[in-house]
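Heads up: the structure comes next, in structure tokens.
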Amino acid sequence: MFNPGDIAFVAICSMLVFFMTPGLGLFYAGMVRRKNAINTIMSVMFVCGLATVMWFVFGYSLSFGPDAGGFGVVGNLSNAFFHGVSASEAGPYTDTIPGALYAVFQLVFCIVTPAIVVGSLSGRMKFSALFVFVTAWLVLVYYPMAHMVWGQGGLIAGLGAVDFAGGYVIEISSGISGLVACIILGTRKGYGIQSYHPHNIPLFVIGGAILWVGWFAFNGGSALSANELAVQAIVNTMIASAAAMLSWMLIETVLYQKVTVMGAVTGAIVGLVSITPGAGFVPFEAALFIGGVVSPICFFFLTKVKEKFAYDDALDAFGCHGISGIWGVIATGLFAQTAINPVAHWDGLFFGDTRLFAAQMMALAIAVLYSAVMTAIIMLLLKKVMTIRVSPEEEALGLDISEHSEEGYPAFSGIDQ
Amino acid sequence: MFNPGDIAFVAICSMLVFFMTPGLGLFYAGMVRRKNAINTIMSVMFVCGLATVMWFVFGYSLSFGPDAGGFGVVGNLSNAFFHGVSASEAGPYTDTIPGALYAVFQLVFCIVTPAIVVGSLSGRMKFSALFVFVTAWLVLVYYPMAHMVWGQGGLIAGLGAVDFAGGYVIEISSGISGLVACIILGTRKGYGIQSYHPHNIPLFVIGGAILWVGWFAFNGGSALSANELAVQAIVNTMIASAAAMLSWMLIETVLYQKVTVMGAVTGAIVGLVSITPGAGFVPFEAALFIGGVVSPICFFFLTKVKEKFAYDDALDAFGCHGISGIWGVIATGLFAQTAINPVAHWDGLFFGDTRLFAAQMMALAIAVLYSAVMTAIIMLLLKKVMTIRVSPEEEALGLDISEHSEEGYPAFSGIDQ
Amino acid sequence: MFNPGDIAFVAICSMLVFFMTPGLGLFYAGMVRRKNAINTIMSVMFVCGLATVMWFVFGYSLSFGPDAGGFGVVGNLSNAFFHGVSASEAGPYTDTIPGALYAVFQLVFCIVTPAIVVGSLSGRMKFSALFVFVTAWLVLVYYPMAHMVWGQGGLIAGLGAVDFAGGYVIEISSGISGLVACIILGTRKGYGIQSYHPHNIPLFVIGGAILWVGWFAFNGGSALSANELAVQAIVNTMIASAAAMLSWMLIETVLYQKVTVMGAVTGAIVGLVSITPGAGFVPFEAALFIGGVVSPICFFFLTKVKEKFAYDDALDAFGCHGISGIWGVIATGLFAQTAINPVAHWDGLFFGDTRLFAAQMMALAIAVLYSAVMTAIIMLLLKKVMTIRVSPEEEALGLDISEHSEEGYPAFSGIDQ
Amino acid sequence: MKLVEAIIRPEKLEPLKDSFLKADIKGMNVRQILGCGNQHGWIAHNRGSSVMMNMLPKIEIKIVVADDKVEDTVKLIIDTVRTGEIGDGKIFVKPVEECIRIRTGERGDDAL
Amino acid sequence: MKLVEAIIRPEKLEPLKDSFLKADIKGMNVRQILGCGNQHGWIAHNRGSSVMMNMLPKIEIKIVVADDKVEDTVKLIIDTVRTGEIGDGKIFVKPVEECIRIRTGERGDDAL
Amino acid sequence: MKLVEAIIRPEKLEPLKDSFLKADIKGMNVRQILGCGNQHGWIAHNRGSSVMMNMLPKIEIKIVVADDKVEDTVKLIIDTVRTGEIGDGKIFVKPVEECIRIRTGERGDDAL
Ligand SMILES: Nc1ncnc2c1ncn2[C@@H]1O[C@H](COP(=O)(O)OP(=O)(O)O)[C@@H](O)[C@H]1O
Ligand SMILES: Nc1ncnc2c1ncn2[C@@H]1O[C@H](COP(=O)(O)OP(=O)(O)O)[C@@H](O)[C@H]1O
Ligand SMILES: Nc1ncnc2c1ncn2[C@@H]1O[C@H](COP(=O)(O)OP(=O)(O)O)[C@@H](O)[C@H]1O
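Residue numbers (this note's numbering), protein chains in the order written: chain R, 1 to 417; chain P, 1001 to 1417; chain X, 2001 to 2417; chain W, 3001 to 3112; chain C, 4001 to 4112; chain S, 5001 to 5112.
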């Protein structure tokens, strides 16, 4: 039986999560130079169109349709064009809301994920190549990952691993893919020498705020019902993000005696990522710990590791989402409690049971490997068949003009009357 | 009996739709020159104050009060000052939420509509004249339109025409009025020669994102209940906007080999407009078609038709809202299904019944004629009694300083320490 | 019994109210010079981290835990670390939503309140000192105020005074504290001579819009249920803010023949503040009056009083929140009706009963005195133990560079390629 | 060669560009400045307080021309941008010793 | 006539405007530039990485004065903006051949 | 002393800064301008309409150098920023009569 409270909750959460994608675009755009602002926004926003249409046509079916061939890797096409997905009947995944609402809630997740990946590729990829990349990535990485973790008969779910709101499916898949893709794409010109060029920090903050708010809907809505579990997830999300913000500020204070807005907001975001897989499984105290610890881990990766290996993960899809996502699924294996959410068959390691932890590790290995290999294949193939980078001159001129003939602030100077 | 789920849904949707008006202000402001940014924001924002107070005092009553005189054109004043509109009793329009909540949900629609119109008048109208114009327009155009389509005993409803979330009342009335008003007002100086001067595209994107998200609440909330119909509307809205974004990008790619952010977001917006009248009537596949087709239609009007007839519809209220709204009500007449929403008495033309389509066409004619004539009367009268345009010098200087003594970014240069 | 509609409503309202804090940061940042934009955002945003962690650890308990010692001033520590606050059981304050959700809803209020205070201190306070100040202020002012007004056995509640959504706890406490703190901190250099330096009005509008929308959730959600009372509060909030916007515009028109965006939005905000304490107690007509009258009052304080006494309430925390909050609690004493909300034991003065009005006055005196004295103690102590102001050179250079080594728009000039 | 430097009202830039186009003057560059002179600025209202804006946005145009074209250029500018009211701006003429076109290395008047 | 061009710290603009007001110097114009000289900039922290900002925002002030007022103007500027620390800036004096007030067409020192 | 004023493409600023660093030229200042010359700008697409952008963003670099260093500086600039395509920009050389270091009061070439 449909419950209006649940429908209201999931519908509104879908809207707020949808808001996250443009939010991410603004968040990213604020961090790039002015000459690349348009390209950055475009690279994120077009996914709203592309991923939605693909989802309707076949994406939902490949992700959440009946398992194809029984391998637990991908769905079949029986739900293509939302065939059998209805606004007036419950779907196979939950009883209290219509199947089409479930599909929409899953869609908004599917939109934001490739939009995260593009952050790694910022400032040098041709837009046409990016378009093809995202299309291929959705088919070859996202849909299978979603199916494996959340689909009927999914492989990873079958291991007993759990993922409340997208640790494997969203954070790890996008982070790892970003890393692999940016390595294959190559660094931006002058990378390392001239790296500090955000052009609009208030814009970054606007985007960050939208992400933060949306994340409550992201994690809370993943309960698919306005119930106790949703509340548990929301409280955990709040605690973890706040703790991560504070601990990032602490690191900056210790190292530089100054705190920065970019640092504090980044801290909050990695805190949000870290609690995503466990939000509906762990107790409040664990959220405090998970969030408090994620900032030092990410800080280390964003500074030391990135420098050492000299990959140009431009806007830190890997450093923020990949790493925090990995920590999040590990932490879920440590602190989950079946009493909070019986979807987890076993308690976490910290509570004395090794089985969930082992399942999480196995799932982690699969997710990392799968995303890495598939993304590498896509990028290498793309490189063969089309130009994936702009020319050095275009890069220097900025992708806004070279790729879009559009500037971020054409008449801002006050000169162009 | 009140249903908390429905109250929660409609209340939150009202908030998100309210957000659309400032969102529209930012969307518009990003597209104008820096010297007119304040004026553009002001022209939209003041409506939040004006339309709300008018609504409370007499607007709700004129729109949704008992029919005055039985002509089905306007309500009487018996609900003035929300007399008989209560937070604790259901109203005449729906049972599961209080009458005052219904009034609020309708209010937020009434706020955004004149705010759309002002986009056509941007960059040359005196603010005092605009204030009077909006006041008169609400009384003479909006309230009657709302009554005719949605009010008890309304004329257009009586024809059997349907309008789920405001095709006639909002999109067509604002678009047509914008066109008529901008023709009477005259073009901006140098119009045609120097037209490309958006000053802040990220601001435009922020506004566009707020509009997009708000629109889910706009169409979804129009079900007035967290039920199957709301879900149908939300899914349709998502599909149509995505399809329209993609098809706009396709047009740009074909014509210029480049896609632009302004284009892609405009595509999404016209997609949202086009599905507004039919969101709760048409099946998903129709939404894909409606959205996919609206972009070429609008593109043609924004480029060829506007150029040919040389009207200065500055921010395209007509080109985006009017045209897409017209296509939307036609498409509703084509693809509506009584099985989805029995409010439609007949299926659409595509499913073999001509009656709904005929009703839609008749209603369209009434809406276009009524808005055009009334707006022309208002503008021509205004022109008689007051100065409606700023002087050419003020126009060149910018309306921010001449009309408001306020600039968009006074200390931005970093000089004004 | 939990009600999904109520959970959905309060959960989503919590998210929208959370959004208000970054919104306030942007609102404030738009009003300051470019060289202080980062510092302003930081001063607001860090509270999201700090107040949340403190709330979890002991803040909730001090505010809403069982009364400590029976004085009705502060709670004890028995709910520290959300001990006894659960996502699966109702709390002591309401039956239809989990205790942890109530705690989250109260948390988002607790975050925004100190963030309001910092507006008074903008442009000259050391960030380290601000951090300590906010920590101390939460413990010594906010938690006791919340307990006295809303906690079990609270002193002010015991008087029979009422506060629907935070007139005493949020608006008056922050406004009065801002005033006292800014006087002790001292004026900015050159204050009075060179006061007009907002650097980004669209940013101010973005923030203002988020505040406006969030406020519907703020007042509506305070019903803690998706019921008639929530609707009453939302309608009142809409009417009051609109009336205040219009009356501010009227004042400007009369005095300067021009209206400004900063004025209109400020009007809306003071209207929102003024209805906060009475939103769930007064009838609609009263809301129109409360909002219509608040703008002249505030205008008078922002111009004449502030100039006369030469305190540097930089972003008008006192002028907007303190004054309007005081007017709001007085107006609640005038216009409350037990028929609307039986939480008020008596009708307001206007309806012939003096008791509620007397209680409101008493409560007002306590709130003002308590906040003023406590804030003075904190600031004076701080001044003893640490440097609370930046040096004049740092102030001239801007706090962004001196305090954070970060600029708002580093690569915006287009030069810093 | 001389540098003709004109400080004008922002709203006069478009007309001036048109005049130059007609007179076939192609090379120039433009920037935004804040200026103060006899003109007093305008009164702004900031949440109620009136404030005087004393530095006004102006546009500075720089054109390097051959010696014999200076007077024509000056005249053209004056004719186009004069309104007769305070705030019309100033023109300064300064010596330029050398001009080089980066693309070709040409020097002197040829490089203009 | 000479053009006195001073490159100063941004935070010194307000004091300098005050000094000019007192000395009754009214005409000037101002713009924002990025400069680099002996001053080293500051270290920024970008999500953990430290980065050196080597181009610093400066203000350039231009005042055209009669020949005999150059020294006074230079002195006034130095007195007002000097802090004695690196980054104080430079003053350049350049020749100006002609000055025209657009409003009236006046030329030479009268037009200043 | 001479002022070497170069108008270059924005994307050439970083390489030029590097060249200067190598050549040990430290003092300079930079600003953003809009320029028009032989270069035609690019076509922008605004909701369907094509529009010509005729003023292009350029960077103006100013360096004051001793008389004998002018040629070297000019050469260095040309070598670094030339692409051979329209829009490469111009260099102007102007006389400077005096230079004063505000911090110390030093004058002339020593102050550079
Ligand atoms: N002596 C000067 N040196 C440099 N710039 C000047 C000087 N006098 C005026 N200006 C510039 O010229 C602009 C117009 O000057 P103003 O005195 O307002 O015009 P008018 O001379 O027509 O009254 C000022 O804003 C300023 O930028
Ligand atoms: N040779 C030069 N040409 C042009 N501008 C210069 C030159 N030398 C310095 N400047 C400008 O002067 C500013 C101050 O120079 P800096 O060397 O930091 O000061 P100081 O000489 O007091 O140490 C620089 O930021 C730059 O803008
Ligand atoms: N006569 C001039 N006076 C001032 N600036 C000029 C002049 N001619 C060119 N410029 C500047 O030089 C820039 C490059 O000029 P352009 O003609 O495009 O280059 P090129 O000479 O290499 O073809 C222009 O954008 C403009 O800013």
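Note that beta-carbon positions come from the ideal geometry of N, C-alpha and C, so glycine has one too.
Cβ separation of residue i and residue j, assumed to be a contact under 8 Å, to the nearest whole Å
{"i": "residue 52/R", "j": "residue 1239/P", "result": "7 Å"}
{"i": "residue 2007/X", "j": "residue 226/R", "result": "4 Å"}
{"i": "residue 1119/P", "j": "residue 1314/P", "result": "7 Å"}
Residues of its chain near residue i, where Cβ-Cβ distance is below 6 Å and the 5 sequence neighbours each way are ignored
{"i": "residue 222/R", "result": "164, 165"}
{"i": "residue 1061/P", "result": "1075, 1077, 1079, 1080"}
{"i": "residue 5/R", "result": "226"}
{"i": "residue 1035/P", "result": "1398, 1400"}
Close beta carbons around residue i, own chain, < 8 Å, minus the five adjacent residues each side
{"i": "residue 1132/P", "result": "1382, 1386"}
{"i": "residue 4033/C", "result": "4007, 4057, 4058, 4059, 4060"}
{"i": "residue 1299/P", "result": "1248, 1251"}
{"i": "residue 1235/P", "result": "1284, 1287"}
Option in the options with minimal Cα separation from residue i
{"i": "residue 1340/P", "options": "1246/P, 1159/P, 1230/P", "result": "1230/P"}
{"i": "residue 1201/P", "options": "20/R, 378/R, 26/R, 296/R", "result": "26/R"}
{"i": "residue 1001/P", "options": "1391/P, 1091/P, 1392/P", "result": "1091/P"}
{"i": "residue 5002/S", "options": "5036/S, 5055/S, 5064/S", "result": "5064/S"}
{"i": "residue 5049/S", "options": "1023/P, 1335/P, 1398/P, 1308/P", "result": "1308/P"}
{"i": "residue 128/R", "options": "137/R, 389/R, 395/R", "result": "389/R"}
{"i": "residue 1357/P", "options": "1334/P, 1138/P, 1344/P", "result": "1334/P"}
{"i": "residue 2068/X", "options": "2148/X, 2311/X, 2093/X", "result": "2148/X"}
{"i": "residue 364/R", "options": "199/R, 295/R, 277/R", "result": "277/R"}
Close Cβ partners of residue i (< 7 Å) along its chain, the five nearest in sequence each way excluded
{"i": "residue 2010/X", "result": "2097, 2101, 2105, 2221, 2224"}
{"i": "residue 2215/X", "result": "2237, 2272"}
{"i": "residue 2417/X", "result": "Residue confidence for residue 2417/X is low, a pLDDT of 47 falling below 50, so the modelled location carries little weight; the figure read from the coordinates is stated next. Closer than 7 Å at Cβ, skipping near neighbours: no residue."}
{"i": "residue 1038/P", "result": "1400, 1404, 1406, 1407, 1408"}
Residue ranges of each alpha helix (DSSP H) within the segment 3051-3111 of chain W, 4 or longer: 3070-3081
Got a sec: which bits of the segment 1251-1275 of chain P sit with their beta carbon under 7 Å from any beta carbon on chain S, in order along the chain? From the segment 1251-1275 of chain P, only 1252, 1256, 1258, 1260, 1262, 1263, 1266 have a Cβ closer than 7 Å to chain S.
Pick out the complete alpha helix (DSSP H) segments inside the segment 1184-1237 of chain P, 4 residues or longer, and give them in chain order. 1201-1221
Completely contained alpha helix (DSSP H) runs for the segment 2338-2389 of chain X, where each covers 4 or more residues: 2355-2385
Closer than 7 Å, Cβ to any Cβ of chain S: which residues of the segment 1276-1301 of chain P, in chain order? So the close ones are 1299.
Residues within the segment 5068-5102 of chain S neighbouring chain C, beta-carbon criterion of under 9 Å: 5094, 5095, 5096, 5097, 5098, 5099, 5100, 5101, 5102
The segment 214-238 of chain R: which residues have C-beta closer than 9 Å to a C-beta of chain P, in chain order? Against chain P - using a Cβ distance shorter than 9 Å - the residues of the segment 214-238 of chain R are 226.
Residues in the segment 3013-3033 of chain W having any Cβ partner in chain S nearer than 7 Å: 3026, 3027, 3028, 3029, 3030, 3031
Taking a Cβ distance cut-off of 9 Å, strictly less, list which residues of the segment 306-319 of chain R are near chain C, in chain order. 306, 307, 316, 319
May I have a chain-ordered list of the alpha helix (DSSP H) segments no shorter than 4 residues that lie completely inside the segment 2067-2122 of chain X? 2099-2117
Which runs of the alpha helix (DSSP H) fall wholly inside the segment 262-330 of chain R and span at least 4 residues, in chain order? Under the rule that a run must span 4 or more residues, the alpha helix (DSSP H) segments found entirely inside the segment 262-330 of chain R read 284-300, 306-309.
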